[in-house]
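To keep things clear, I will list the structure first and then write my remarks on it.
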Amino acid sequence: MRVCCLDYGAPVRIDVEPREDFHLVRQDGPHLVLRIPRDALERQLRAMLGRPVDEPVRFEPRTDRTDPGADAWWGIVVLLVRDMERGGTLLRDPAVRWPLEQALLGQLLERRPHNYSARLRDAASSPVITRAVGIIEERAGDPRFTVEELARAVSLSTRALQLGFRRDRRTTPSAFLRRVRLRRAREELLVAGPGVTVSRVAGRWGFSNYGRFAEYYRREFGELPSDTLRSR
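Residue numbers (UniProt numbering): 1 to 232.
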């Protein structure tokens, strides 16, 4: 039997095998116990790694309360608890339940040290992100090219690709792709001949909504695409 002592107000994680006995020793006061099924956690881990999980996930027991990500994760837990107290209306909607589950499990695996932490970091190593950037540069002109296709091209899960871009490029894959397309659209507008329109250039570079394209363009270059076209 495993024994775990809890300090009031101090979060702790306990990994328990099926049918394993354990005993909690705690101070007086309310305690919230969140039970996460192992299969759900490992399913999320497989998605983040982009490959099978070959051994059980084992977390370090104590949580660092100075970690800025702890508050965000705890906020998800509180949201779920309050929803259940009100009858669980949110959790009955699959369109809401699934993203919340992904956020809860993803943040737990991303923020809390465990035996797969190093492999999660390696899954989105710099050489892979450099390759992904090259693919974006090559395929930015295909309006149908998506981040999901990019993830498959570099053999990563979408989540691992996002983590790698945040770490190495301080942005997301979709934002990086958008900036490349905006740059290419600007280059085309600067040398545009007679009869070329902004909407046609925007559509060629994957922007189907002209208003949104114009706003992205203005934020990136400080002027509207129509101004660039007139100045050529």
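Just so you know, even glycine gets a beta-carbon here, dropped at the ideal spot from N, CA and C.
Q) What are the start and end residues of the alpha helix (DSSP H) that includes Arg-186? A) 173-190
(Q) Could you tell me the alpha carbon to alpha carbon distance between Glu-137 and Gln-44, rounded to whole angstroms? (A) 30 Å
Q. Using CA coordinates, which residue listed in Ala-185, Val-78 and Tyr-210 is at the minimum distance from residue 277?
A. In the structure displayed, the chain extends from 1 to 232; residue 277 sits before or after that span and is not available.
Q. What residues in its chain sit with their C-beta under 8 Å from that of His-114, if we drop five residues either side in the sequence?
A. Val-57, Arg-58, Phe-59 and Glu-60
Q. Helix, strand or coil: how does DSSP classify Phe-59 here?
A. strand
Q: In the DSSP assignment, find the alpha helix (DSSP H) that holds Pro-94 and state where it starts and stops.
A: 94-111
Q) What first and last residue would you give for the alpha helix (DSSP H) that runs through Glu-137? A) 126-139
Q | Residue environment, Arg-178, which counts as buried when at least 16 other CB atoms sit within 10 Å | A | buried
Q: Report yes if the CB atom of Gly-203 is closer than 9 Å to the CB atom of Ala-140, and no otherwise.
A: no
Q. Relative to the alpha-carbon of Thr-146, which residue among Leu-161, Ser-174, Ile-129 and Arg-166 has its alpha-carbon at the smallest distance?
A. Ser-174
Q) Can you tell me whether Val-154 is buried or exposed, with buried defined as 16 or more other CB within 10 angstroms of its CB? A) buried
Q.
Whole angstroms are fine: how far does the CA of Arg-169 sit from the CA of Pro-127?
A. 12 Å
(Q) Helix, strand or coil for Cys-4? Go by DSSP, reduced to three states. (A) Below a pLDDT of 50, predicted positions are generally treated as unreliable, and Cys-4, at 46, falls in that range; no measurement from the model is reported.
Q: Taking Arg-131 as the reference, give the member of Ala-118, Arg-119, Leu-189 and Ala-151 with the closest Cα.
A: Ala-151
Q. How close, in whole Å, do the beta carbons of Met-48 and Gly-106 come, if the pair is a contact with beta carbons under 8 Å?
A. 7 Å
Q: Within its chain, find whatever has a CB closer than 8 Å to the CB of Pro-52; leave out the 5 residues flanking it on each side and keep chain order.
A: Arg-46
Q. Does the distance from the CB of Arg-166 to the CB of Thr-172 come in under 9 Å?
A. yes
Q) Could you give the C-beta distance for Ile-76 and Leu-104, rounded to a whole number, given that I count them as a contact under 8 Å? A) 5 Å
Q) Distance, Cα to Cα, Gln-162 vs Pro-30? A) 37 Å
Q: Could you tell me how far apart the beta carbons of Leu-189 and Leu-229 are, in whole angstroms, since I believe they sit closer than 8 Å?
A: 5 Å
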